[in-house]
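Let me begin by presenting the structure, written as structure tokens, before commenting on it.
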């Protein structure tokens, strides 16, 4: 019998994260482990109970993990030793009327610093054939930013993960100081955040690509497509083509459980098997306009 596989999903209490756990648990073997993580113990327990009702094949374990805590991520990685599948999926929920200065810290810490912590902790612990997927968005390409800032994110991605983290810190300060729009970051918090997530993946992939591909390991960012959830509905003008969370989880789980993958995916942002160009991207779904004249997009959409 092969060694038990370990899959880890962050932000797994609801939406896409929960659907990823459910789909993994239904398709992995009885001796495999799927770790469902979130920072609220009650919600983690409730989510595990919901998965259990579907009579999963693999063993599902609830773990309390606050992805804003880099030490907690490092401790979990050390405890697990090696992993086979990681979905870094956690994000911070916002509403259209939120003040960006009041939300930027939560978003940056939950989506961006957490992405960096997950990459540092788990990329070196992937077993041969492992998969580490950062859930991002089609908003995470350089064309969605002012050219001044796009060039800076491109340079950071070509440098190091530390350089990406430093640029995220600069963006946070600019939002707090009211300088973000004038300096080219824009008013939509999710665009710099998603671009930074993809930049982080590219920065790590740049140094790991040859060795990882030789061992069948995949590191990439994922655009799951528009998903119909309570978090995403307020942001989008048209939800008629949105997927259910279960539908959105199908292709990513198929990818991580497959014996092989297209090597062009490595280090890139991928949607439904298509690499989205880092420089030019694709058109994102129309965003709903609010009275505040601010627009954004949730992590469960493209």
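Residue numbers (this note's numbering): 1273 to 1574.
The beta-carbon is built from N, C-alpha and C at its ideal position, and this holds for glycine as well.
Of the residues the options, the one placed nearest residue i, counting alpha carbons only
i            : options                : result
residue 1440 : 1413, 1377, 1479       : 1377
residue 1293 : 1394, 1311, 1329, 1313 : 1329
residue 1497 : 1539, 1546, 1465       : 1546
residue 1433 : 1305, 1477, 1504, 1463 : 1477
residue 1420 : 1449, 1448, 1455, 1411 : 1455
residue 1357 : 1278, 1331, 1299, 1457 : 1278
residue 1355 : 1396, 1475, 1538, 1315 : 1396
residue 1287 : 1379, 1504, 1529       : 1504
residue 1399 : 1544, 1276, 1536       : 1276
residue 1289 : 1406, 1473, 1302       : 1406
residue 1472 : 1482, 1552, 1391, 1460 : 1391
residue 1482 : 1450, 1466, 1535, 1499 : 1535
residue 1523 : 1537, 1543, 1538, 1513 : 1543
residue 1494 : 1379, 1467, 1480       : 1467
residue 1486 : 1282, 1338, 1538, 1301 : 1538
residue 1352 : 1375, 1338, 1393, 1340 : 1393
residue 1291 : 1512, 1541, 1499, 1340 : 1499
residue 1411 : 1470, 1283, 1308       : 1470
Residue i to residue j span [Cα, whole Å]
i            : j            : result
residue 1563 : residue 1370 : For residue 1563, the predicted structure reports a pLDDT of 32, less than 50, and the residue's modelled location is therefore unreliable. The matter cannot be settled from this model.
residue 1549 : residue 1527 : 20 Å
residue 1313 : residue 1335 : 8 Å
residue 1561 : residue 1368 : The pLDDT assigned to residue 1561 is 41, lower than 50, so where the model puts this residue is not dependable, and the model offers no usable value.
residue 1285 : residue 1311 : 9 Å
residue 1326 : residue 1413 : 37 Å
residue 1373 : residue 1299 : 42 Å
residue 1295 : residue 1438 : 36 Å
residue 1333 : residue 1306 : 6 Å
residue 1533 : residue 1401 : 10 Å
residue 1349 : residue 1444 : 28 Å
residue 1502 : residue 1464 : 23 Å
residue 1435 : residue 1344 : 23 Å
residue 1570 : residue 1508 : Because the pLDDT at residue 1570 is just 39, under 50, the model does not fix this residue reliably, and the value given afterwards should be weighed accordingly. Their Cα atoms are separated by approximately 9 Å.
residue 1555 : residue 1403 : 27 Å
residue 1323 : residue 1331 : 10 Å
residue 1417 : residue 1458 : 7 Å
residue 1321 : residue 1484 : 36 Å
residue 1530 : residue 1474 : 22 Å
residue 1422 : residue 1303 : 45 Å
residue 1447 : residue 1274 : 50 Å
residue 1461 : residue 1551 : 19 Å
residue 1319 : residue 1525 : 19 Å
residue 1281 : residue 1359 : 5 Å
residue 1338 : residue 1415 : 32 Å
residue 1512 : residue 1347 : 42 Å
residue 1379 : residue 1449 : 17 Å
residue 1541 : residue 1492 : 6 Å
residue 1283 : residue 1479 : 27 Å
residue 1451 : residue 1317 : 42 Å
Boundaries (first-last residue) of the alpha helix (DSSP H) holding residue i
i            : result
residue 1375 : 1372–1379
residue 1342 : 1342–1352
residue 1295 : 1287–1299
residue 1439 : 1433–1449
residue 1320 : 1313–1325
Opposing strand residues paired with residue i [DSSP bridges]
i            : result
residue 1360 : 1406
residue 1492 : 1405
residue 1398 : 1355
residue 1333 : 1307
residue 1515 : 1499
residue 1533 : The partner list for residue 1533 (beta bridge, DSSP) is empty, contrary to what the question assumes.
Residue-chain proximity (residue i, chain B), Cβ-Cβ < 8 Å
i            : result
residue 1514 : This model lacks chain B altogether, as it is built from one protein chain only.
Bounding residues of the beta strand (DSSP E) (the contiguous stretch that carries residue i)
i            : result
residue 1279 : 1278–1281
residue 1578 : Examination of residue 1578 is not possible in this model, given that the chain is present from 1273 through 1574 alone.
residue 1543 : 1541–1543
residue 1417 : Careful: residue 1417 lies outside any beta strand (DSSP E) and carries neither H nor E.
residue 1548 : 1546–1548
Notebook entry, point to check: Does the segment 1417–1428 come within contact of the segment 1510–1525, defined as at least 3 CB pairs closer than 8 Å?
Noted result: Proximity of the segment 1417–1428 to the segment 1510–1525 falls short of the contact definition, fewer than three beta-carbon pairs being nearer than 8 Å.
Next item on the list: Would you check if there are 3 or more beta carbon pairs closer than 8 Å linking the segment 1349–1368 to the segment 1383–1395?
Entry: They touch, by the three-pair rule.
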